[in-house]
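This report concerns only the one structure given below.
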Amino acid sequence: MSKPGLNTLKPGQNYKAQELDSFVTSTDAVLLSTNESHLFSDPEQEFKVIHEFKGFFEHSTDDGEKHYREKKAYVVEKA
674 MSKPGLNTLK PGQNYKAQEL DSFVTSTDAV LLSTNESHLF SDPEQEFKVI
724 HEFKGFFEHS TDDGEKHYRE KKAYVVEKA
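674 is the number of the first residue of the sequence shown in the working numbering; add one for each residue after it.
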């Protein structure tokens, strides 16, 4: 499932770890993996996109406040 130049991920689709690696390198997005820190340990391992979010809240250490960040975030799990 080689898709060069991915600019978005689709919920329900499977992607190889190497594709996800390329995706986060070339886009401003966050990946949250249910596979903990092993997301990129096997480039051929497939992961399924479970959820897509348009943004998230983040606590700022600068001002102690919570701020909403408009940044795509995806939850992926080992397929």
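Even glycine gets a Cβ: it sits at the ideal position worked out from N, Cα and C. Just so we're clear, the structure is a prediction, and the values are computed from it rather than from any experiment.
* Asked: Does DSSP put residue 731 in a helix, a strand or coil?
  -> The sequence position of residue 731 within the sequence shown is 58, counting from 1. Residue 731 falls in the strand class under three-state DSSP.
* Asked: Skipping 5 residues on each side, what residues in its chain have a beta carbon closer than 6 Å to that of residue 674?
  -> In the sequence shown, the residue the question calls residue 674 occupies position 1. Reliability fails at residue 674, whose pLDDT of 44 lies under 50, so the model's placement of it is uncertain and no value is given.
* Asked: How would you label residue 741, buried or exposed, when you count the other beta carbons within 10 angstroms and need 16 or more for buried?
  -> Position 68 of the sequence shown, counting from 1, holds the residue named residue 741. Classification for residue 741: exposed.
* Looking only at DSSP bridge pairs, what is residue 687 linked to? -> Position 14 of the sequence shown, counted from the first residue, corresponds to residue 687. Residue 687 pairs with 721.
* Where residue 731 and residue 744 are concerned, what is the direct C-alpha to C-alpha distance, given to the nearest angstrom? -> Taking the first residue of the sequence shown as position 1, residue 731 is located at position 58. Taking the first residue of the sequence shown as position 1, residue 744 is located at position 71. Near 11 Å, if we compare the C-alpha coordinates of residue 744 and residue 731.
* **Separation of residue 733 from residue 697, as counted between CA atoms** => Within the sequence shown, numbered from 1, the residue matching residue 697 stands at position 24. Within the sequence shown, numbered from 1, the residue matching residue 733 stands at position 60. Answer to the nearest angstrom: the Cα atoms are 22 Å apart.
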